[in-house]
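2 protein chains.
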Amino acid sequence: MKRLVLASASASRAGLLRAAGVEFSVHPAELDETALMAAMTGADAASVALALAEAKALAVSAALPGSLVLGADTVIALGGDLISKCPDMEAARTLLGRMSGQDHRLVSAAVLARDAKAVWRHAGPATMTVRPLSPAFVEDYLAAEGPAILSSVGCYHYEGRGAQLFEKVEGDYFSVLGLPLLPLLGALRQEGVIAS
Amino acid sequence: MKRLVLASASASRAGLLRAAGVEFSVHPAELDETALMAAMTGADAASVALALAEAKALAVSAALPGSLVLGADTVIALGGDLISKCPDMEAARTLLGRMSGQDHRLVSAAVLARDAKAVWRHAGPATMTVRPLSPAFVEDYLAAEGPAILSSVGCYHYEGRGAQLFEKVEGDYFSVLGLPLLPLLGALRQEGVIAS
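Each protein sequence line maps, in turn, to chains C and P.
Going by our numbering, the residue at position 176 of the first sequence is 177; the numbering climbs one at a time, nothing skipped.
Going by our numbering, the residue at position 96 of the second sequence is 97; the numbering climbs one at a time, nothing skipped.
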């Protein structure tokens, strides 16, 4: 079996791959995501997520000739704006207030690259319907989750207490967690990283 | 907050509830599921899953007056047959062979009961498309998963290596894991078990 390199420091992405039985090593890309996102003002969520995932995969793949490298990114669009990670709990409180009672769109993109060339790209979308959240609920939620929630775009772990935010979710669950896993596993079978 | 009683010994259902921030105690129902399923020959997967979930909730709720009790069940239908848990690895091998390259339907039902009366019922369906599985893959899969897989209807943990079985999954992810969590959380908010 060939070995995969994950170009991401995300614990949840590594956890998804490991749980699915994929072997890999981790080599996080060093990338100024904020600058890249700013440069793409006006682009839709899927295009931005794919561009960021590809940039990460290409950067690491250029440094590791011959390796198959996975880059990934998750982007949330709310009312025409692309949402980044919140810098502090006050920003998280504001974001949860904005999301309350609204739909937002989430896209997780994955790109495989080898020798600084993308060989596979996929974007998995989901529509997330947040129920009307009372201010008291938001305070309890932030207190229970703590600053760990700031590591997650949208300030929720859907596989945990974050499920309490939602009325309805349509789309691919694994993309909601950060990786379009089923299409990715298909690509990894084609590449001989896992058995078919 | 009122306290919920889970009428199930399933570790994955308890794990889902706990991760979502729901407090509960466990009081498994003692029920002859095989006899109940046999009595319902010809009924569709959702009806059977709801009937089994309700039977569990009612049995425990009768023993615990005043408590809100959650019963749950997952049923898989494949080519007109309802699938039960496999008794041994040989049966698991046969089932995986039957599922290979086919769609099956999965339904997870949840029922809340109080004082031996159902107060809420929901069935969450999903369509699971299994890719064509090579005999070599099936052997590797069974060796990697081991007998723990026999505790799961369909012989897969979708949140783990089971993801490698699937080409496509349409429907509610949490139902695939064993509980229609979002509608259930809505009912638990109404019942005052979790904050809204």
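Heads up, the beta-carbon is just placed ideally off N, CA and C, and yes, glycines get one too.
Note that the coordinates shown come from a computational prediction; the quantities given were computed from them, not determined experimentally.
- Restricting attention to P:H158, P:G16, P:G193, P:A63, the CA atom closest to the CA of F138 (chain C) is found in P:G193.
- Under the 7 Å criterion on CB atoms, Y157 (chain C) is classed as non-interfacial with respect to chain P.
- With 16 or more other Cβ atoms from the protein chains shown falling within 10 Å of its own Cβ, Q165 (chain P) counts as buried.
- Among the bridge pairs identified by DSSP, V49 (chain P) is matched with none.
- Sequence-distant partners of G155 (chain P) (beyond 5 residues in either direction) whose C-beta falls short of 6 Å from its own C-beta, in its chain, are I77.
- Given a length threshold of 4 residues, each whole run of the alpha helix (DSSP H) inside the segment 157 to 193 of chain P is given here in chain order: 174 to 178, 182 to 191.
- Straight across, the Cα-Cα distance linking A8 (chain C) with P126 (chain C) is about 21 Å.
- Of all residues in the segment 89 to 116 of chain C, none comes within less than 8 Å of chain P when Cβ atoms are compared.
- Against chain P, the CB of Q165 (chain C) has a partner CB under 7 Å away; the residue lies at that interface.
- Residues of chain P whose Cβ lies closer than 8 Å to the Cβ of L183 (chain C) are, in chain order, A164, F167, E168, K169, V170.
- S135 (chain P) is classed as exposed because its beta carbon has fewer than 16 other beta carbons within 10 Å across all chains shown.
- Judged by beta-carbon spacing, V70 (chain C) lies within the 7 Å limit of A58 (chain C), meaning their Cβ atoms are closer than that value.
- Closest in C-alpha terms to D45 (chain C), from the list C:F25, C:G81, C:E146, C:L18, comes C:G81.
- For the set C:S153, C:D173, C:E34, C:V27, the Cα lying nearest the Cα of A52 (chain C) is the one of C:E34.
- The beta-carbon of L186 (chain P) is placed less than 7 Å from the nearest beta-carbon of chain C.
- Where L107 (chain C) is concerned, the enclosing beta strand (DSSP E) starts and stops at 104 to 115.
- Among the CB atoms of chain P, one or more fall inside 7 Å of the CB of F138 (chain C).
- With distances taken between CA atoms, G102 (chain C) lies nearest to C:K169 out of C:K169, C:V27, C:A12, C:L185.
- Of the candidates C:G67, C:A20, C:P66, C:S85, C:S85 places its Cα closest to the Cα of T75 (chain C).
- With its beta carbon at least 7 Å from every one in chain C, A73 (chain P) lies outside the interface.
- Against chain P, the CB of D82 (chain C) has no partner CB under 7 Å away; the residue lies outside that interface.
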